[in-house]
Amino acid sequence: GAVVSQHPSRVICKSGTSVKIECRSLDFQATTMFWYRQFPKQSLMLMATSNEGSKATYEQGVEKDKFLINHASLTLSTLTVTSAHPEDSSFYICSPTGQGALNTEAFFGQGTRLTVV
Amino acid sequence: SQKIEQNSEALNIQEGKTATLTCNYTNYSPAYLQWYRQDPGRGPVFLLLIRENEKEKRKERLKVTFDTTLKQSLFHITASQPADSATYLCALAGSSNTGKLIFGQGTTLQVKP
Chain B
1 GAVVSQHPSR VICKSGTSVK IECRSLDFQA TTMFWYRQFP KQSLMLMATS NEGSKATYEQ
61 GVEKDKFLIN HASLTLSTLT VTSAHPEDSS FYICSPTGQG ALNTEAFFGQ GTRLTVV
Chain C
1 SQKIEQNSEA LNIQEGKTAT LTCNYTNYSP AYLQWYRQDP GRGPVFLLLI RENEKEKRKE
61 RLKVTFDTTL KQSLFHITAS QPADSATYLC ALAGSSNTGK LIFGQGTTLQ VKP
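Put into structure tokens, the structure is as follows:
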């Protein structure tokens with residue numbers, strides 16, 4: 001299967017600060033990147049979809065100015081949580097997908113546990 | 001609105017038995033359905049994919065069925081082992097070729113030795 005690297009795995013930050021999460025596809029070119037968020041005992045919820053070189057498309061209820069997504073290259077996408085608040089504490093997971101692979105199995109990063117104090 | 005429900009939040013079974021997990025959906029016509037395993041603090045790992053025109057899929061000790069009339073998928077693990085203990089997620093994808101997945105809330109399986 002595809003190799004996906006997501007960093008950091010855990011991060012604790014103070015309220016009001018920003019946190020950047022990186023997601024790399026190590027052995028394929030990720031033309032599309034999905035970012036999910038998962039609260040305890042809940043399902044993965046899609047936050048946004050980005051295509052390399054384009055602006056991200058955000059799901060309803062997700063603030064695009066708060067969750068900045070950069071997908072400037074085919075192997076790297078970043079999610080920046082700006083002005084973090086305790087309610088942003090969650091498990092963030094990326095899922096890069098290559099061209100022609102949109103309707104097959106999905107590969108996920110290891111996830112990032114964000115705790116805002 | 002679209003809704004996916006997995007039958008129970010937790011399922012406890014004895015080692016060697018067959019675990020059966022259920023995924024029901026409403027207001028959706030998925031092109032295919034997938035099952036993932038998720039361990040605590042980790043991202044999901046793909047297990048099986050079944051398309052709308054398929055009734056059953058098998059992989060080693062895993063079996064998935066897909067009934068588009070009942071809008072239900074069953075996921076079976078035969079001869080279960082303690083190492084099978086994890087949370088199992090079902091996910092639906094539409095036919096719009098976007099790659100977007102809608103996940104159920106998951107069922108946490110505990111296999112006791």
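Chains B and C, in that order, are what the protein sequence lines are.
Everything in the first sequence is counted per our numbering, starting at 1 for the first residue and increasing by one.
Everything in the second sequence is counted per our numbering, starting at 1 for the first residue and increasing by one.
All C-beta atoms in this analysis are idealised placements derived from N, C-alpha and C, irrespective of residue type, glycine included.
is_contact[residue i, chain C] using C-beta, thresh 7 Å
| i | result |
| --- | --- |
| I93(B) | yes |
| Q42(B) | yes |
| E105(B) | yes |
CB contact flag (residue i, residue j, <7 Å)
| i | j | result |
| --- | --- | --- |
| Y25(C) | A93(C) | no |
| Q29(B) | L76(B) | no |
| L44(B) | F103(C) | yes |
| T78(C) | A10(C) | no |
| F75(C) | I50(C) | no |
| G43(C) | G111(B) | yes |
| V64(C) | K57(C) | yes |
| K124(B) | T78(B) | Because chain B here runs from 1 to 117, residue 124(B) falls outside it and cannot be looked at. |
Cutoff 7 Å: residue i Cβ touching any chain B Cβ
| i | result |
| --- | --- |
| Q105(C) | yes |
| P44(C) | yes |
| L109(C) | no |
| L49(C) | yes |
Amino acids of chain B, ordered along the chain, whose beta-carbon sits closer than 9 Å to that of residue i
| i | result |
| --- | --- |
| G41(C) | S9, R10, F91, Q110, G111 and R113 |
Interface partners of residue i on chain E, CB under 8 Å
| i | result |
| --- | --- |
| T32(B) | Note that chain E does not occur in the displayed structure, where the protein chains are B and C. |
Residues that residue i contacts on chain C, provided the C-beta gap is smaller than 7 Å
| i | result |
| --- | --- |
| T97(B) | G99 |
Cross-chain neighbours of residue i in chain B, by beta carbon under 8 Å
| i | result |
| --- | --- |
| Q2(C) | Correct list: empty, because the minimum Cβ distance to chain B is about 12 Å. |
| Q34(C) | E105 and A106 |
Presumed contact (8 Å Cβ cut-off) between residue i and residue j, rounded CB distance
| i | j | result |
| --- | --- | --- |
| D31(B) | E52(B) | Note that residue 31(B) is Thr in the sequence shown, not Asp. Their Cβ separation, rounded to whole angstroms, is 5 Å, which keeps T31(B) and E52(B) in contact under 8 Å. |
Contact set between residue i and chain C, taken where Cβ atoms lie within less than 8 Å
| i | result |
| --- | --- |
| L46(B) | K100, L101 and I102 |
### Message
For a minimum of 3 consecutive residues, which ranges assigned as the beta strand (DSSP E) are wholly contained in the stretch 31-116 of chain B?
### Response
32-38, 45-51, 67-70, 76-81, 90-97 and 112-116
### Task
Enumerate, from N- to C-terminal direction, the unbroken beta strand (DSSP E) stretches of 3 or more residues contained entirely within the stretch 9-69 of chain C.
10-14, 19-26, 32-38, 45-51, 56-59 and 62-67
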